[in-house]
Amino acid sequence: MRIDQGFLEDILEYAKKASGARVEVFALNSRTLNVEVRSQEVENIDVSESTGYAIRVIKNNRLGFAYSTDLSNYKDVVDQAITTSDMTTEDPFNDISVKETIPEVEIYDKEIAVIDRNTAIDLVLEIESSAIAFDKRIKKVRKAGGSFTESELYILNSNGVNHHFQATSCTAHITLAAEDNGDAQMGWGYEGSRRLQDIDFKRIGLEAAQRAINLLGARKAETRKTFVLLDSSVASEFLSVLSASFSADNVQKGKSLLIGKKGQKVVSEKINIKDNALLPYHLGTRPLDAEGTPSRENILVESGILREYLYNIYTARKDSTQSTGNATRAGIFTPPSVGASNLYIEASSDEYKHSFDGLLKLMPHGIVVTEAMGVHTANPITGEFSFGITGLWVENGEIKYPVKEAAISGTMLEFFSRIAGIGDEIRFYGKIGSPHLLVEDVDISG
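Each residue of the sequence shown is one higher than the one before, starting from 2 at the first, in my numbering.
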């Protein structure tokens with residue numbers, strides 16, 4: 002059974018009468034087709050469906066919360082939320098959204114919504130076959146897969162908010178190994194979008210194969226200070242570490258690198274960092290956030306200067322400001338927290354943009370970093386990091402040979418302050434994106 006509008010309106014009316022308080026009802030339906038292949042055979046195919054709803058009650062500024070995937074008796078769930086509110090601490094910053102105009106966004110693709118199993122299998126098989134055909138040294142595909150999802154979200158509350166939207170998404174990936182003369186190297190490929198035509202399944206396989214082949218015969222790197230050219234995927238991983246510091250919740254709790262730095266230069270003047278939930282067909286795009294606040298573009302860093310944090314309603318009230326539309330939830334199971342939508346780096350001016358070859362020409366020496374290990378181990382509060390890396394050694398603007406067993410270290414804000422050049426194409430990996438980033442004066446340990 003799927004949740005519908007009428008069912009949720011019944012819940013809202015009962016909750017308003019039973020609690021005499023501010024009430025919000027949040028609900029999700031989703032259906033996902035998952036396909037995994039290996040050796041040109043289907044290894045796994047399944048369809049998963051989920052549905053559920055969550056209720057927030059704010060009574061005397063006390064927050065009550067409950068959720069359920071059982072649609073048979075909503076009154077018990079409402080009563081649980083009310084009971085919970087009686088046991089929590091009064092907090093004047095608890096609140097729900099108000100009625101506002103919601104922007105139109107492009108997030109639904111019928112081609113994903115109606116895709117059949119055979120078509121999905123053929124698309125994923127194309128990933129694997131393109132990788133295998135690329136080079137005879139591609140010896141093993143660990144897994145190629147794709148997920149095709151249709152979902153719908155509802156938010157209703159006692160302030161008259163009543164929103165519903167449908168969305169689709171597709172992600173596809175492959176992991177493989179190349180082998181030659183006793184050496185083995187891994188490669189991977191990934192793409193994701195809310196629109197099927199944006200995903201090039203053949204390219205996913207080709208890029209994974211190229212990554213692995215490029216690293217065969219890697220040498221150990223030497224210890225020195227040099228240039229580092231981060232592949233867009235690695236740059237996105239670095240940004241994911243920094244992303245937590247933009248959360249107003251983390252700022253308020255003293256868990257951010259950016260506390261008290263609004264209006265100050267925090268990274269290179271060559272970059273902007275934006276969070277934009279309105280980008281067509283991106284995975285983080287939605288018309289409203291998880292509280293019903295309209296989505297928008299937020300400029301977090303402009304020419305290196307910190308302009309804004311990300312807020313939901315609670316953190317915004319705490320700072321006497323407005324929500325930036327960045328409430329997020331882990332499905333129905335938790336109350337709203339703060340999170341990015343589509344977070345990305347861009348050049349602050351076209352003069353800083355270069356093609357990949359143009360960035361190489363700016364390097365008298367250095368490493369093109371194609372893989373970083375342990376990025377998640379960076380300290381989110383101090384920004385200190387030390388990552389293992391693999392990549393390609395560059396001399397006088399030309400790639401010479403692959404390198405391995407190297408490490409880079411530093412602090413995040415200092416690292417992002419040393420940007421010497423920026424790629425001319427932004428690529429997203431999930432909800433985080435970046436162009437290639439050239440960074441100077443980086444400590445490399447062999």
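Beta carbons: idealized from backbone N, C-alpha and C, even for Gly.
Among the residues of its own chain, which have a CB less than 7 angstroms from the CB of residue i, if the five just before and after it don't count?
| i | result |
| --- | --- |
| residue 353 | 271, 422 and 423 |
| residue 126 | 38 and 41 |
| residue 103 | 164, 288, 289 and 295 |
Which same chain residues end up closer than 6 angstroms to residue i when comparing Cβ atoms and leaving out the 5 residues on each side of it in sequence?
| i | result |
| --- | --- |
| residue 87 | none |
| residue 256 | 382 |
| residue 291 | 328, 329, 330 and 337 |
| residue 309 | 299 and 301 |
| residue 163 | 157 |
| residue 443 | 229 and 409 |
| residue 243 | 413 |
| residue 155 | 9, 28 and 165 |
| residue 67 | 56, 78, 81 and 82 |
| residue 306 | 266 |
| residue 6 | none |
| residue 94 | 315, 318 and 319 |
Starting from residue i and walking both ways along the beta strand (DSSP E), at which residues does that stretch end?
| i | result |
| --- | --- |
| residue 63 | 63 to 69 |
| residue 172 | 163 to 181 |
| residue 353 | Neither: residue 353 is in no beta strand (DSSP E) and is coded neither H nor E. |
| residue 238 | From DSSP, residue 238 is part of no beta strand (DSSP E) but of the alpha helix (DSSP H) over 233 to 244. |
| residue 428 | 428 to 430 |
| residue 321 | Counting along the chain, residue 321 falls outside any beta strand (DSSP E), and DSSP gives it neither H nor E. |
| residue 422 | 420 to 424 |
| residue 117 | Premise fails: residue 117 is in no beta strand (DSSP E) and is neither H nor E. |
| residue 186 | 184 to 194 |
| residue 441 | 438 to 446 |
Using a Cβ-Cβ cutoff of less than 8 angstroms, which residues in the same chain neighbour residue i once the five nearest sequence positions on both sides are dropped?
| i | result |
| --- | --- |
| residue 427 | 233, 345, 346, 347, 434, 435 and 436 |
| residue 75 | 8, 11, 12, 15, 54 and 69 |
| residue 96 | 23, 59, 314, 315 and 318 |
| residue 357 | 424 and 437 |
Check whether the Cβ atoms of residue i and residue j lie closer than 7 angstroms to each other.
| i | j | result |
| --- | --- | --- |
| residue 151 | residue 373 | no |
| residue 82 | residue 58 | yes |
| residue 170 | residue 259 | no |
| residue 147 | residue 168 | no |
| residue 128 | residue 114 | no |
| residue 228 | residue 367 | yes |
| residue 4 | residue 26 | no |
| residue 175 | residue 205 | yes |
| residue 117 | residue 196 | no |
| residue 268 | residue 418 | yes |
| residue 295 | residue 101 | yes |
| residue 177 | residue 122 | no |
| residue 190 | residue 209 | yes |
| residue 340 | residue 370 | no |
| residue 253 | residue 216 | no |
| residue 359 | residue 222 | no |
| residue 207 | residue 248 | no |
| residue 362 | residue 411 | no |
| residue 34 | residue 48 | yes |
Tell me, which residues are paired with residue i by DSSP?
| i | result |
| --- | --- |
| residue 53 | 29 |
| residue 228 | 367 |
| residue 123 | According to DSSP, residue 123 bridges with nothing at all. |
| residue 94 | Looking at the DSSP assignment, residue 94 forms no beta bridge with any residue, so it has no partner. |
| residue 329 | 338 |
| residue 36 | 46 and 147 |
| residue 411 | 386 |
| residue 139 | 179 |
| residue 346 | 274 |
| residue 1 | What the structure shows of the chain is the stretch from 2 to 447, and residue 1 is not part of that stretch, so it cannot be assessed. |
| residue 156 | 27 and 164 |
| residue 248 | 311 |
| residue 99 | According to DSSP, residue 99 bridges with nothing at all. |
| residue 405 | 221 |
| residue 58 | 24 and 65 |
Which residues bound the alpha helix (DSSP H) around residue i?
| i | result |
| --- | --- |
| residue 204 | 202 to 215 |
| residue 13 | 6 to 20 |
| residue 433 | Residue 433 -> not in any alpha helix (DSSP H); beta strand (DSSP E) instead, spanning 433 to 435. |
| residue 114 | 111 to 114 |
| residue 79 | 75 to 88 |
The ligand FMN and residue i: does any heavy atom of the ligand fall closer than 6 angstroms to the residue's C-beta?
| i | result |
| --- | --- |
| residue 372 | Here there are no bound small molecules, and the ligand FMN is not part of this structure. |
Got a sec: is the Cβ-Cβ distance from residue i to anything in chain D below 7 angstroms?
| i | result |
| --- | --- |
| residue 447 | The displayed structure is made up of one protein chain only, and chain D is not part of it. |
* To do: Within the segment 250 to 318, note down every full beta strand (DSSP E) run reaching 3 residues or more, in order along the chain.
  => Annotation note: the segment 250 to 318 contains the following uninterrupted beta strand (DSSP E) runs of length 3 or greater, listed N- to C-terminal: 272 to 277 and 298 to 303.
* Go through the segment 369 to 402 residue by residue and report every complete run of the alpha helix (DSSP H) that reaches 4 residues or more, in order. => Fully enclosed alpha helix (DSSP H) runs of 4 or longer: not present.
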